[in-house]
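To start, the structure under review is shown below, and the notes come after it.
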Amino acid sequence: MERPLLNDKDEYPSDEVLARVLGRGKPAWDAFTARLATEFPDATIEWRFYNDGKSWLGKLARKKKTICWVSIWDQFFRTTFYFTDKNDQGIARLPIAQSLKDGYRAAQNAAGKLKPLSIETKRGKALEDIFVLIGYKIALK
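Under my numbering, the very last position in the sequence shown is 642; numbers go up by exactly one each time.
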């Protein structure tokens with residue numbers, strides 16, 4: 502099974518490290534973080550090394566609420582949102598790609614009652630869907 506990069510516990514995911522690993526996907530990352538700073542200035546990405554997955558993950562949070570998780574792969578990054586079954590209808594109504602809705606609907610619950618919705622981003626066009634989901638997640642009680 503494929504796994505994210507950034508597997509060296511001693512190498513913090515600085516901008517230089519991200520540039521090296523993301524390569525051609527780095528402009529999309531820069532657009533993501535710039536837009537995040539503009540639209541949700543109180544949201545932060547906290548990087549931590551997780552021993553269970555043996556890689557660095559970024560937790561996008563606003564105040565104490567986790568919005569999504571960010572993992573770094575070869576030439577792209579992945580954002581993964583987790584929702585409960587009660588959010589199924591709300592997600593079905595969101596103006597996001599149908600393929601994302603289909604993938605979410607087909608996903609098996611992970612970690613008990615949570616269902617993942619992941620977006621792989623190589624270019625900036627996936628950012629629209631990500632920011633719709635960020636806004637939706639923030640609005641949830």
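Think of the CB as a built atom: it goes at the ideal place given N, C-alpha and C, for glycine as much as any other residue.
Backbone secondary structure at residue 616 - three-state DSSP: In this structure, residue 616 counts as strand in the three-state DSSP scheme.
Nearest-angstrom Cα separation, counted from residue 521 out to residue 566: Annotation: residue 566 to residue 521 spans about 30 Å, alpha carbon to alpha carbon.
Supposed close pair residue 605, residue 618 - CB separation, criterion 8 Å: So it is a contact: roughly 4 Å between Cβ atoms.
For residue 624 and residue 502, the rounded distance between their alpha carbons: Summary for residue 502: the model assigns pLDDT 46, below 50, so the residue's position carries little reliability; its value from the coordinates is reported in the next sentence. Straight-line measurement puts the Cα of residue 624 at about 24 Å from the Cα of residue 502.
Neighbourhood of residue 558 by C-beta distance below 6 Å, restricted to the same chain and skipping five residues each side: If the five residues before and after residue 558 are omitted, its C-beta is found closer than 6 Å to the C-beta atoms of 551, 570 and 572, all from its own chain and listed in chain order.
Buried or exposed (CB count within 10 angstroms, at least 16 for buried), residue 462: The chain is shown only over 502 to 642; residue 462 falls outside these bounds and no answer can be derived.
Nearest-angstrom Cα separation, counted from residue 519 out to residue 577: Between residue 577 and residue 519, the C-alpha separation is close to 10 Å.
Reference residue 511, options 540, 549, 542 and 603, closest by Cα: Considering only alpha carbons, the answer is 549.
Identified DSSP bridge partners for residue 547: Bridge pairing for residue 547: 560 [DSSP].
Alpha-carbon to alpha-carbon, residue 642 and residue 628: Near 24 Å, if we compare the C-alpha coordinates of residue 642 and residue 628.
Short Cβ contact (8 Å threshold) for residue 556 with residue 596: For residue 556 and residue 596, no; Cβs fall outside 8 Å.
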